[in-house]
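Single-structure report; data block below.
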């Protein structure tokens, strides 16, 4: 998604089973395309299909027990001194990242959070008396906004994170809001989290059906 908008430099905060993520990227060139193996050569693997994603990915060990704020803090040496984007790995959305960044630069505060409407857990019925006049299968909630976890941040945000055992969603965001430094970009489009096996099955079903609005790189 980020690469679709031209953002190709990434820092990934590794924790539990981070070795799986390292192994994926270390072997990406081999696993993502066709290869020829010539066991008689010093370098036996010849890779075909050499055009791969233009990503630079820093895989940073941040500890198995470190909380979200602490993980962000540990990325600081790798992010430079400019504006950066942040997200978790468990949400998908069709939020326009260029518009999100433009909104952040317009208001000039330290932090922008994407506010989204969560999908309803159950279908929604409309009535005329006892007659059902409409049935909507799991619509986006008509009211209420939650943290969609697509952030744009200035480096001063690191000053709001005191150590490893800090949840980013608690004291840092609360104190940014207290100081008038947190703004919300309201996104009315698609957003979903994959927190449970049930969520995974729902998103997999959407993907297999071709109804995957978060796959903006396909448009």
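In our numbering, the protein residues as written are 337 to 555. The C-beta atom is built at its ideal place from N, Cα and C for all residues, glycine as well.
Beta-carbon proximity check, residue i vs residue j, cutoff 7 angstroms
| i | j | result |
| --- | --- | --- |
| residue 484 | residue 550 | no |
| residue 425 | residue 497 | no |
| residue 448 | residue 519 | yes |
| residue 403 | residue 502 | yes |
| residue 347 | residue 400 | no |
| residue 517 | residue 415 | no |
| residue 525 | residue 430 | yes |
| residue 419 | residue 407 | no |
Inter-residue Cα distance where the pair is residue i and residue j
| i | j | result |
| --- | --- | --- |
| residue 509 | residue 383 | 46 angstroms |
| residue 369 | residue 361 | 13 angstroms |
| residue 427 | residue 500 | 23 angstroms |
| residue 340 | residue 486 | 15 angstroms |
| residue 450 | residue 490 | 15 angstroms |
| residue 374 | residue 481 | 57 angstroms |
| residue 355 | residue 376 | 30 angstroms |
| residue 555 | residue 548 | 11 angstroms |
| residue 494 | residue 514 | 16 angstroms |
| residue 534 | residue 453 | 19 angstroms |
DSSP three-state assignment for residue i, whether helix, strand or coil
| i | result |
| --- | --- |
| residue 447 | strand |
| residue 380 | coil |
| residue 564 | Residue 564 lies beyond the stretch modelled for the chain, which goes from 337 to 555, so this question has no answer here. |
| residue 550 | coil |
| residue 438 | helix |
| residue 485 | strand |
| residue 512 | helix |
| residue 343 | coil |
| residue 523 | strand |
| residue 357 | helix |
| residue 420 | strand |
Residue-chain proximity (residue i, chain D), Cβ-Cβ < 7 angstroms
| i | result |
| --- | --- |
| residue 419 | Checking the listed chains, one finds no chain D in this structure; it contains a single protein chain. |
- Task: Decide yes or no for the touch test of the stretch 532 to 542 against the stretch 430 to 446: beta carbon pairs closer than 8 angstroms, at least 3 of them.
- Result: No contact exists between the stretch 532 to 542 and the stretch 430 to 446.
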